[in-house]
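Chemist: The sequence shown runs -13 to 471 under the numbering used here.
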Amino acid sequence: MEQNTISSNISNGTMKTGSHEAMVKAKIETIREDSLRPTRVWGKSTKLFLGFLFCVAGWGLFAYVYQCIHGLGATAMRNYVSWGLYISTFVFFIGISHSGTLVSAILRITKQEWRRPITRSAELMTFVSLLFGGIMPILDLGRPDRLQNLVIHGRLQSPLIWDVICISTYFVGSTMFLYLPMIPDMALCRDRLPEGSSKFKKWIYTKLAIGWTGTTSQWHRLEKLMNIMTIIIIPIAVSVHTVVSYIFAMTLRPGWDSTVFGPYFVAGALYSGSATVIIAMAVFRKLYGLEKYITPRHFDLMGKIVLVLTLVYAYLNLNEYWIPAYKMTTSEGHLLKDLFYGTYSKVFWTLQFGTVLLPIVIMSIPKGRRIKPLIFACIVIVIGAWIKRYIIVVPTLLHPYMPIQQVPTDWSSYFPNWVEWSVTFGALSGIFIVITLFSKLFPMMAVWEVEEGVEIDEDKLLAIEIRDKRAAEKRGDISAPIAAN
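(1) Going by C-alpha distance, which of 277, 341 and 380 is nearest residue 430?
(2) Helix, strand or coil: which one does DSSP assign to residue 320?
(3) Grab me the residues of residue 123's own chain with a C-beta within less than 6 angstroms of its C-beta, minus the 5 sequence neighbours each way, in chain order.
(4) Any chance you could list the beta strand (DSSP E) runs of at least 3 consecutive residues sitting entirely within the region 226 to 273, in chain order?
(5) Tell me whether residue 5 is buried or exposed, calling it buried when 16 or more other Cβ atoms sit within 10 Å of its Cβ.
(6) Using the rule of at least 16 other Cβ atoms within 10 Å of the residue's Cβ for burial, across every protein chain shown, is residue 172 buried or exposed?
(7) In chain order, which continuous runs of the alpha helix (DSSP H) of length 4 or greater are located wholly inside the region 324 to 354?
(8) Only counting the same chain, and skipping five residues up and downstream in sequence, which positions put a Cβ closer than 8 angstroms to that of residue 166?
(9) Determine whether the beta carbon atoms of residue 241 and residue 160 lie at a separation below 8 angstroms.
(10) Since residue 305 contacts residue 246 with CB under 8 angstroms, what's their CB separation in whole angstroms?
(11) Just tell me which of 292, 364 and 399 has its CA closest to the CA of residue 379.
(12) Run the CB neighbour count on residue 38, radius 10 Å, all protein chains shown included, and call it buried at 16 or more, exposed below.
(13) In terms of alpha-carbon separation, which member of 375, 255, 381 and 401 lies closest to residue 60?
(14) So, for residue 22: in the same chain, excluding its five sequence neighbours on each side, which residues have a beta-carbon less than 7 angstroms away from its beta-carbon?
(15) Here's a check: name, in chain order, each residue in its chain whose Cβ is nearer than 6 angstroms to the Cβ of residue 289, leaving out the five neighbours to either side.
(16) Going by Cα to Cα distance, which pick from 323, 303 and 257 is closest to residue 78?
(17) Can you name, in chain order, every residue of its own chain whose Cβ lies under 6 angstroms from the Cβ of residue 191, other than the five neighbours on each side?
(18) Here's the rule: buried if 16 or more other CB atoms are within 10 angstroms of the residue's CB, otherwise exposed. What is residue 476?
(19) Specify, as a first and last residue, the run of the alpha helix (DSSP H) that residue 408 falls within.
(20) Label residue 219 either buried or exposed according to how many other C-beta atoms from any shown protein chain fall within 10 Å of its C-beta, with 16 as the threshold for buried.
(21) Whole angstroms is fine: what's the gap from residue 296's alpha carbon to residue 342's?
(22) Need the endpoints of the alpha helix (DSSP H) that residue 372 sits in, please.
(23) Give the single residue among 199, 203, 125 and 225 whose Cα lies nearest to the Cα of residue 157.
(24) Leaving aside the five residues before and after residue 130 along the sequence, list all residues of the same chain whose C-beta is less than 6 angstroms from its C-beta, in chain order.
(25) Rounded to a whole number of angstroms, what is the C-alpha to C-alpha distance between residue 442 and residue 163?
(26) Determine the extent of the alpha helix (DSSP H) in which residue 113 is found, giving its start and end residues.
(27) What whole-angstrom Cβ distance do residue 426 and residue 32 have, given they're in contact under 8 angstroms?
(28) Alpha carbon to alpha carbon, how far is residue 455 from residue 10?
(29) In three-state terms, what does DSSP make of residue 456?
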């Protein structure tokens, strides 16, 4: 923020030179133009991509209407597997939402300057994943028209009610966390809107800017609100995925009867969420020409964060399976045999070695944290995280404490059918629609934050220049070289 930049009086009251001020202004102007350029042009490829996404979303909507008409019998779910692809995807989306908490809130509170160009991408990922993650349990209801009963007749003893409260609170908090840093940028978009632009854009920028003029009092209030939200959002985010894990851990089922599910789910969420941020960074960097701002250094640092989180996740993964495998009690034993060398063994071991061990190996090598190999590792992590949620949900439901006996084959097995895949991919396309529309309406970098970082860096360089010059003067070496800008 303007009031947080290093004072224009450098060192012992020496003022910034005119050339320094001009250079800073030129850099700021470049940042603004580079950030606003994608919002001014809608290319043919963007329109085609949106058209494809709307087609997928429309098909998903058709499949959901079909499901509502014919009931949950239209899906592959039955009495034994009453939670399938929908709930697996719900847990996955809620996990991805931790991306904004990690990259934005934690890096803000620890004052990591390199975070500035990537915070908005992370905050957007949180918003959209929560938006559609919250929808997934509704899709799993046979009678969505009775959703209000969850609130009217809900019981506080139920982990499901805890989940509704936590996710609703997290969604409101994440929306505010995304919106607050956008206010100065909305004013910039409003003031720099080209002639002949649509009235809709003018209206939306004006409304979202809420009268921002950049006064000192406005900056102080924004800074105070951002500090409050940064502190609040972290415990809320941790509580959300902990409560999601309680839905499983507090249900008497083999494979879910675990006391480490809370930290296990939180670690898994941070691990997959941070990998998603890296993918988003790479996409926006390439599509919108942000290579000057999102640099290989950002990928290297984020790669180190993902590496640490993957190691933590691997440790908790080992605890989750090694301890029951050592005892092999009857109910747990049936499930573990199915996972280790039964029906789900190929998927299970592929997840352990392909989506946990392989990314660790790749990211442990400095060259593996370069952009291309890191993106590959993160794509593997994200896909593996989705499949892992499926492995947590489905095999457990197929191994109840009371054995399945004399039931039709399609009741004692489960694989999603066309309705579930269509609805799920419709929800996924909805996420991409929101991200695409957002990125074409609003800057994908927090412009004022990047500007502030430039001013801080340039002021530091000027201070070094003045210090070196004075040291040279004291030595009598007036012609000593001055540090380059």
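Note that beta-carbon positions come from the ideal geometry of N, C-alpha and C, so glycine has one too.
Modeler: Looking at the atomic coordinates:
(1) Your numbering for residue 430 matches position 444 in the sequence shown. The shortest Cα separation from residue 430 among 277, 341 and 380 belongs to 277.
(2) As a first step, residue 320 must be located in the sequence shown, where it is residue number 334. If DSSP states are grouped into helix, strand and coil, residue 320 belongs with the helices.
(3) Here residue 123 is taken as the residue at index 137 of the sequence shown, counted from 1. Cβ within range, chain order: 76.
(4) none
(5) Against the sequence shown, residue 5 aligns to sequence position 19. So residue 5 counts as exposed.
(6) Along the sequence shown, one-based indexing puts residue 172 at 186. When all chains shown are included, residue 172 counts as buried.
(7) 331 to 338 and 344 to 350
(8) By one-based count along the sequence shown, residue 166 stands at place 180. The answer, listed in chain order, is 208, 211, 212 and 215.
(9) Position 255 of the sequence shown, counting from 1, holds the residue named residue 241. Position 174 of the sequence shown, counting from 1, holds the residue named residue 160. Cβ distance not < 8 angstroms, so residue 241 and residue 160 don't count as in contact.
(10) Locating residue 305 in the sequence shown gives position 319, counting from the first residue. Locating residue 246 in the sequence shown gives position 260, counting from the first residue. Contact flag correct, Cβ pair sits at about 6 angstroms.
(11) Counting from 1 along the sequence shown, the entry for residue 379 is found at position 393. Comparing Cα-Cα distances from residue 379 to each of 292, 364 and 399, the minimum goes to 399.
(12) Your numbering for residue 38 matches position 52 in the sequence shown. Classification of residue 38: exposed, given that the 10 Å Cβ count is below 16.
(13) For the purposes of this step, residue 60 is taken as the residue at position 74 of the sequence shown. Among 375, 255, 381 and 401, the Cα nearest to that of residue 60 is on 401.
(14) Position 36 of the sequence shown holds residue 22. Hits under 7 angstroms: 175, 178 and 429.
(15) For the purposes of this step, residue 289 is taken as residue 303 along the sequence shown, with counting starting at 1. Within the same chain, residue 289 has close Cβ partners 349, 355 and 360.
(16) Residue 78 sits at position 92 when you count from the first residue of the sequence shown. Among 323, 303 and 257, the Cα nearest to that of residue 78 is on 257.
(17) Counting from 1 along the sequence shown, the entry for residue 191 is found at position 205. Result list for residue 191: 172, 175 and 176, in chain order.
(18) Since the first residue shown for the chain is -13 and the last is 471, residue 476 is missing from the structure and cannot be characterised.
(19) Sequence index remark: in the sequence shown, residue 408 carries index 422 (1-based). Note, residue 408: alpha helix (DSSP H), 404 to 427.
(20) In the sequence shown, counting from the first residue as 1, residue 219 sits at position 233. Residue 219 should be labelled buried.
(21) Residue 296 sits at position 310 when you count from the first residue of the sequence shown. Residue 342 sits at position 356 when you count from the first residue of the sequence shown. If you take the alpha carbons of residue 296 and residue 342, they lie about 7 angstroms apart.
(22) In the sequence shown, residue 372 corresponds to position 386, counting from 1. Unbroken alpha helix (DSSP H) run through residue 372: 357 to 383.
(23) Mapped onto the sequence shown, residue 157 falls at position 171. Closest option to residue 157, Cα to Cα, is 225.
(24) Stepping through the sequence shown from its first residue, residue 130 is reached at position 144. The answer, listed in chain order, is 124.
(25) For the purposes of this step, residue 442 is taken as residue 456 along the sequence shown, with counting starting at 1. For the purposes of this step, residue 163 is taken as residue 177 along the sequence shown, with counting starting at 1. Approximately 24 angstroms between the Cα atoms of the pair.
(26) Within the sequence shown, numbered from 1, the residue matching residue 113 stands at position 127. Where residue 113 is concerned, the enclosing alpha helix (DSSP H) stretches over 105 to 119.
(27) Counting from 1 along the sequence shown, the entry for residue 426 is found at position 440. Counting from 1 along the sequence shown, the entry for residue 32 is found at position 46. Indeed they touch by this definition, with Cβ atoms about 6 angstroms apart.
(28) The residue labelled residue 455 in the question sits at position 469 within the sequence shown. The residue labelled residue 10 in the question sits at position 24 within the sequence shown. Each residue's alpha carbon lies about 20 angstroms from the other.
(29) If you number the sequence shown from 1, residue 456 lands on position 470. If DSSP states are grouped into helix, strand and coil, residue 456 belongs with the helices.
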